[in-house]
Every structure is written in C-alpha cells, then in structure tokens.
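Position 60 (the sequence shown) corresponds to 104 in our numbering; numbering is contiguous.
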Amino acid sequence: MTATDLSAPRFLPQLACETVPRYTSYPPATGFRAETGAENWVSWMQDLPETPAVSLYLHVPFCKSMCWYCGCHTTIPNRRERIERYVEALLIELDQRAAQLPADHQVHHIHFGGGSPDMLNPAEMTRIMERLRARFTLAPDAEIAAELDPRGVTGELAANLADNGFNRVSLGVQDLSEEVQTLIHRIQPLTTVERAVATLRAAGIAAINLDIMYGLPAQTRERVARTARCAAMLKPDRIALFGYAHVPWFKKHQRAIPEDRLPGAQARFEQMFTATGVLELAGYQPVGFDHFARPDDALAVAARTGKLNRNFQGYTDDRYDVLIGLGASAISEAPGGYVQNETDPAVFAEALENGQSALVRGRGRSVEERRTGARIERVLCDFHLASGTIDDADRAALEDLLQLGLVEEQDGHLQVTAAGRPYVRNIAARLDPAFNAGTERHSVAV
Ligand code: SF4
C-alpha cells in the first residue's frame, strides 16, 4: 500500500459537497437589496474617472426550448411580439444608461448573453448594434462577443454577426451522448456543433469558445472524456468546464432532471478531474478553476501574468472602470457597487416604456468589502495571495485546509497547492468574513 500523496488532487467529500458562492461578485448577488438602485447608480457614475474604460453586457432572455439543467434567466416566448417589445425596451435602456456616462468614455468589450442571442433576427441585431455605436464610443479593437445555441447558428446569422463586427462566439456543447442530451432536453449531436463552428469561421468569426459540463444526469467519466476530446478536436480558443448546479428550489424546471441519474459527489469529482486531464493533454492551459485556453490566447496570457479577473460572466481578461448591464436581470458594476435590472422581461419592458429605470436592486461596497472582494478575486484567479495580506484571522479560518495541505503559507504568501485547486471556492469562502456556512443556498463547491 502506498501512502496518500498529499500534493495530488483528491476527493474530500466534506469540501466537495460544501455549498459556497461562485464569487462572480463581492458581495455575492444573494446579498443585493431593493434599497440600492437607480439613484445610487447615478451617483456612482459621477465618481468615475474622466475617461473611463467601459464594458457592456446585453441580456437576451429568450430561448427556443428549455434545457432542464439551465441556470440562466430565460423564457420561451410564445409569440414573436414579446421579442419585438423587448428589443424596443432594450433600445430605450441603452439611451438612458449611455446618457449617464462621461462623454469621453471608451467601450472595449461588448457581450451578448442569455438566453440565446440568436433569437434576435438579423434586423433586430443590426438595430441594436447601430444604436450602440451611436450612443457609445467603441474602441476600434473592441471585442464583440455573443453566446449562441449551436442549433440556432445559420449562414445568415453568422454573416449578420460578422457584418456587425462580432469577433468572438461562445457555443454551449455540454455533453455529446444521446442519453444525456435526452435527459437534459437538449438534442444536439456533434455534427450540429461542427457545422456551427465551421459556419462561424467561414463568416470570419475566428475566436470560438465552447462550454462543456460535468455532473449532468447519466454522465460518466467516459462520456465526459469523449465530450472534452471532441471539443478539443474542434480547436476552439477557450473551453469552459462547468459543474452542473442542481438548484431545483431556485430553478423549477430542474425538477424534470431525474435525481436518481445524477452522479454522486465522488463521481462528479472524477468527471471534473478526467476532463481536466483530457484538455491539458490536448494542449489547453487551465485558467482559474473552470476555464481552459490555448496558451497564446489572451485569457491564458492574463492568467500567467496575474491579469485575470472575475465578473458575472466568470473569468475574463477584461479590465474596466464600469460594466453596464442592459436588459432583464442584467447586473452592472461600478467601483461604488452593483445594481441589477428587473428579471421579468415584461416588467422590465413596462418600466422602460413608462420612462422609468429598470434597476430594482443592488448593493454598495464599503472599503472593507472592496478589500475582501479583491483578495477573493486574486485567490480565485492566481491561486495565490501576496505577502502581507495574511493575518491571524485568516490563519484560523484556513486552519483545517492548511493541515490538509490544500494551502501553504510561505514567507507571508498564501499559495493554493495542486491538491487545493479543486477546492479554491472553499478557500475563497474561508477568506469571506460574511460567509455563513450552512445558512446560505449556493451550489456545491465541486
Ligand atoms: S439554450 Fe442556454 S439559456 Fe437557453 S434554456 Fe438552454 S441552457 Fe438555458
């Protein structure tokens, strides 16, 4: 019998099953409150630098059909008029929010998320992009990205996106086995994904991201490995590997997922570990705890040079002074704090039609919260905290993880070890003085 190698990642059930925030913001969105909204946002805009770097996020809350695992804010529109009304409201909000910005700003990133932005028809997408260019100053090399459903990618859609300046697309792949796809209500054979990638590349959209998942019903290590291998063979620039978050109390449609087919905690860990191995063998560099990128990709470079960040879309190389979220449920971020839009698309549209703001909740950040948020971000991005930032309270909070060899303290630096990487969200939660284990509902750590 060999002694346990403490430096290798190993399954630790208590930590893997702990429910902890994903820390795409600090404080997490579960702490947003109705008393923070439009007035706070306007005052935070006045505190921006004179020439702020701006990022835009536009939410399209529509899909053709519901995937049972979905954790996004989306709906299935029964009439096209619902989308048309939403686009009009989005344009009103775009005018409203652009007018609050310093005139001398520059937009470096635009991201259309959802939902499925391919639910917009070419004329609608062109209208939105023309209005964006009229109201905001776009940097000549701005990244313009969209999340697309591969089943919705056509030659017409790809040509329209390319004409409108899109240069990056993310496609949801999830799992390629027919049984898993049936259980998650998303039938999408490999040929559909291959065709979508080829169509986008032929239109001139070179940067492709693929999303794959583990922890879905009927997934096995072999199925996850095959999906990861097929994804890598398509040679995308980036691959995201997400663990399925089963939160049926929050997302009611997830009740359609047969719980007796969900892999257990150890199986999830092994699936994650297997996919990581396949992607690394294929030449992808791990970025943070759930992304992979080709070594020459900007995200991989950012990870190697300590310039990686986290925002509501996960890991990013984007550095902005202000992120403006447009559309139902979209979250905006400024140094002063966060605000979120109304989540129901019809209520969102009604507010804007009536000349009101769609911002309904948010959270300011104290100096101390900004410091805590920055430390959590650095540990999730760099697996490291620099000298002088560790105190006795941290040591006490991390004691069990130090003993397990998941973190080490070296000359005042905190280093997450190879064994600790899968548990970096648990480590981040220990650095969060406001986190109350067991009293908040989040997704499991692994
Ligand atoms: S396509 Fe994406 S956003 Fe739409 S239901 Fe499926 S997982 Fe959710």
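The beta-carbon is built from N, C-alpha and C at its ideal position, and this holds for glycine as well.
Exposure of T349 is indicated by the presence of fewer than 16 other C-beta atoms within 10 angstroms of its C-beta.
In the three-state reduction of the DSSP assignment, R212 falls in the strand class. Annotation for L424: Y67, G332, F333, R354, V468, R469, A472 place their beta carbon closer than 8 Å to its own, counting only its chain and skipping 5 residues before and after. The Cβ atoms of A189 and H153 lie closer than 9 Å to each other. In the displayed model, V224 falls within a helix according to three-state DSSP. Inclusion of R230 in the 8 Å shell around ligand 1 follows from its C-beta lying nearer than that to a non-hydrogen atom of the ligand. Going by DSSP, F317 is part of the alpha helix (DSSP H) stretching over 309–325. In the three-state reduction of the DSSP assignment, D334 falls in the coil class, being assigned neither a helical nor a strand state. Spanning the alpha carbons of L92 and D340 requires a straight line of approximately 33 Å.
D255 has G216, A284 as its beta-bridge partners, per DSSP. Taken from the Cβ of G358, every heavy atom of ligand 1 lies 8 Å or farther away.
A distance criterion of 8 Å places the beta-carbon of S109 in contact range of ligand 1, judged by its closest non-hydrogen atom. If you draw a straight line from the Cα of S373 to the Cα of E168, it is about 20 Å long. In the three-state scheme derived from DSSP, where H, G and I count as helix and E and B as strand, I127 is classed as helix. Cβ-Cβ separation between M89 and L145: approximately 6 Å, consistent with a contact (criterion under 8 Å). A check of alpha carbon separations from V490 across A183, G259, F180 identifies G259 as the nearest.
Ligand 1 never approaches G371 closely enough for any of its heavy atoms to be under 8 Å from the residue's Cβ. Closer than 8 Å to some heavy atom of ligand 1: that describes the Cβ of G159.
Counting every other CB atom within 10 Å of its CB across the protein chains shown gives F294 a total below 16, marking it as exposed. Between G371 and R407, the CB-CB gap reaches or exceeds 9 Å. DSSP places S87 within a helical segment (H, G or I) once states are collapsed to three. Of all C-beta pairs linking the region 170–186 to the region 224–232, fewer than three are shorter than 8 Å, placing the two stretches out of contact. Sixteen is the threshold: when 16 or more other Cβ atoms of the shown chains lie within 10 Å of the Cβ of V197, as they do, the residue is buried.
Under the three-state reduction of DSSP, N385 is assigned to strand. Not one heavy atom of ligand 1 lies closer than 8 Å to the C-beta of G456. In the DSSP assignment, S487 is bridged to V64. Under the three-state reduction of DSSP, Q329 is assigned to strand. Selection A247, G75, R414 evaluated against P65 yields G75 as nearest (Cα-Cα).
Taking a C-beta distance under 9 Å as the contact criterion, E324 and R265 do not qualify as a contact pair.
Between the region 238–245 and the region 287–301, the count of Cβ pairs shorter than 8 Å is below three; the stretches do not touch. By the neighbour-count criterion, in which 16 or more other beta carbons inside 10 Å mark a residue as buried, M163 falls on the buried side. With respect to L215, D193 sits close: the two C-beta atoms are nearer than 9 Å. When the beta-carbon positions are compared, R171 and V131 come within less than 9 Å of each other. A326 places its beta carbon less than 9 Å from that of R273. The criterion of a C-beta distance shorter than 9 Å is not satisfied by G417 and Y101.
Cβ-Cβ distances below 8 Å link S160 to V104, F106, C107, K108, T118, E191, L192, D193, G196 in the same chain, with the five nearest sequence neighbours on each side left out; the list follows chain order.
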